[in-house]
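A.B. asks:
Here it is in structure tokens:
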């Protein structure tokens, strides 16, 4: 039993580093992570989208590891981004942490998030065979 990330050749190729779909077999454990924003533990918020992305992924790492998961278990990511011009910085950080096979992903450009300082919010789903 394995988790399968796949691309479908009957639709347009992926526009970036993501898979078209994921098959999670019965018996796998899934972990749904709430949206994370780029706020440091002390409450400070950096101005830079890349630094906010690093904080988000560090939060993911901590939450994932607290339940026996890792970045390699992420099967779906959803990005909510305020400014399209921040995408290169966001992708640069993501690409240092997430490797192929890439999780399925969605990108939504939004007018605003919960606080004006937040440049992005990211949520994810992880799945693992035999995780606790």
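Numbering (our numbering), first residue to last: 1019 to 1150. Ideal Cβ positions, reconstructed from N, Cα and C, are used throughout, including at glycine.
#1: I'd like the span of the beta strand (DSSP E) that includes residue 1037, first residue to last.
#2: Give, in chain order, every unbroken run of the beta strand (DSSP E) that is at least 3 residues long and sits entirely within the region 1023 to 1081.
#3: Can you find the residues in the same chain that come closer than 8 Å, C-beta to C-beta, to residue 1052, ignoring five residues on each side of it along the sequence?
#4: Grouping DSSP H, G and I as helix and E and B as strand, with all else coil, what is residue 1115?
#5: Is residue 1096 helix, strand or coil by DSSP?
#6: Starting from residue 1146, follow its DSSP beta bridges and name the residues at the other end.
#7: Does the distance from the C-beta atom of residue 1115 to that of residue 1075 stay below 7 Å?
#8: Quick one: is residue 1117 buried, meaning 16 or more other Cβ sit within 10 Å of its Cβ, or exposed?
#9: Could you check how far apart the C-beta atoms of residue 1145 and residue 1021 are, in whole angstroms? I think they sit under 8 Å.
#10: Taking the alpha carbon of residue 1059 as the point to measure from, which residue in 1042, 1086 and 1072 has its own alpha carbon closest?
#11: DSSP on residue 1110, reduced to helix/strand/coil?
C.D. replies: For this structure:
#1: Here residue 1037 refers to the residue found at position 19 when the chain shown is read from its first residue. Premise fails: residue 1037 is in no beta strand (DSSP E) and is neither H nor E.
#2: 1039 to 1041 and 1046 to 1055
#3: Looking up residue 1052 in the chain shown gives position 34. Result list for residue 1052: 1141, in chain order.
#4: The residue given as residue 1115 occupies position 97 in the chain shown. Note: residue 1115 maps to helix in three-state DSSP.
#5: Position 78 of the chain shown, counted from the start, is the residue given in the question as residue 1096. Residue 1096 falls in the strand class under three-state DSSP.
#6: Taking the chain shown and counting its residues from 1, one reaches residue 1146 at position 128. According to DSSP, which records beta bridges pairwise, residue 1146 is partnered with 1047.
#7: If you number the chain shown from 1, residue 1115 lands on position 97. If you number the chain shown from 1, residue 1075 lands on position 57. Yes, Cβ-Cβ distance for residue 1115 and residue 1075 is below 7 Å.
#8: Locating residue 1117 in the chain shown gives position 99, where the first residue counts as 1. That one is exposed.
#9: Taking the first residue of the chain shown as 1, we reach residue 1145 at position 127. Taking the first residue of the chain shown as 1, we reach residue 1021 at position 3. Rounded, the Cβ-Cβ distance is 5 Å, consistent with contact.
#10: The residue given as residue 1059 occupies position 41 in the chain shown. Of 1042, 1086 and 1072, the residue nearest in Cα terms is 1072.
#11: Taking the first residue of the chain shown as position 1, residue 1110 is located at position 92. Helix, per DSSP.
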